[in-house]
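Report on the structure given below.
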Amino acid sequence: MSDPLILTVPLFSDLGNLGLALRRSVFVGEQHVPPEEEFDSYDLTATHVVALLDGSVVGCLRILFLAEHVKFGRVVVAATARGQGIASRMMRYAMDLAAARGQTRFYLTAQSDKLALYEKLGFVAFGEEFQDGGMPHFAMKTY
Ligand SMILES: CC(C)(COP(=O)(O)OP(=O)(O)OC[C@H]1O[C@@H](n2cnc3c(N)ncnc32)[C@H](O)[C@@H]1OP(=O)(O)O)[C@@H](O)C(=O)NCCC(=O)NCCS
């Protein structure tokens, strides 16, 4: 199996649209997140990252450069491409990109059953569990 190609893409581009379609199919179709919550105004200013495997978009995430921290989110991998490290590679790419811009405060909110994905990247959960999009979450950050 070939390695994924990880790229930063404009939101309004063919690859950006394929990433959005993947997000919608997984978060809305698979996880039943309300569609009106899935795409939000942060998407317009976010940095969007996609993973390509054999020419197909199989993963994406977004990076928000906020005043208080860099927030990673909307991490998704197509069901057919899971379990081969693609989410971890996209996250490492995104963290490296933020670090190259001088950012050191990294933050995300993770579905409670997915904490291990981010713990392996150095994130630590903090605070109380909360509901988002109908699923339990924890806030996580790097120290
Ligand atoms: C969660 C998701 C992004 C993981 O993508 P992936 O490319 O399969 O993840 P990786 O292969 O990089 O996994 C790395 C580690 O994360 C953890 N992990 C991955 N998927 C997991 C899952 N479904 N449940 C719990 N832990 C998981 C494991 O510790 C894994 O390490 P291992 O392979 O040594 O067991 C993917 O399953 C997905 O898109 N799910 C639906 C959307 C979603 O839940 N997004 C995350 C919101 S926080």
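Residue numbers for the sequence shown follow this note's numbering, beginning at 85 and rising by one.
Even glycine gets a Cβ: it sits at the ideal position worked out from N, Cα and C.
All values reported here derive from a predicted model rather than from experimental measurement.
Any non-hydrogen atom of ligand 1 closer than 7 angstroms to Ala-194 Cβ: Yes, Cβ of Ala-194 sits closer than 7 angstroms to a heavy atom of ligand 1.
Cβ neighbour criterion (16 or more within 10 Å) applied to His-132: If you draw a 10 Å sphere on the C-beta of His-132, you find 16 or more other C-beta atoms in it, and that means buried.
CB of Phe-214 within 8 angstroms of CB of Lys-225, strictly: With a cutoff of 8 angstroms on beta-carbon distance, Phe-214 and Lys-225 are scored as not near each other.
The stretch 186-198 contacting the stretch 217-224, beta-carbon criterion three pairs below 8 angstroms: Cβ pair count under 8 angstroms is three or more, so yes.
Residues of its chain near Phe-111, where Cβ-Cβ distance is below 6 angstroms and the 5 sequence neighbours each way are ignored: Once the five neighbours on either side are set aside, the close Cβ partners of Phe-111 are Val-117, Glu-122.
Contact under 8 angstroms by Cβ, Phe-156 with Ala-178: Phe-156 places its beta carbon less than 8 angstroms from that of Ala-178.
Residue span of the beta strand (DSSP E) that contains Pro-220, given as start and end: Residues 219-225.
Residue nearest to Tyr-126 in terms of C-alpha spacing, selected from Arg-158, Leu-199, Leu-89: With distances taken between Cα atoms, Tyr-126 lies closest to Arg-158.
From Gly-169, Gly-218, Asp-216, residue whose alpha carbon lies closest to that of Lys-204: Per the Cα distances, Gly-169.
Distance between Val-141 and Ile-90 (C-alpha atoms, nearest Å): Their Cα atoms are separated by approximately 10 angstroms.
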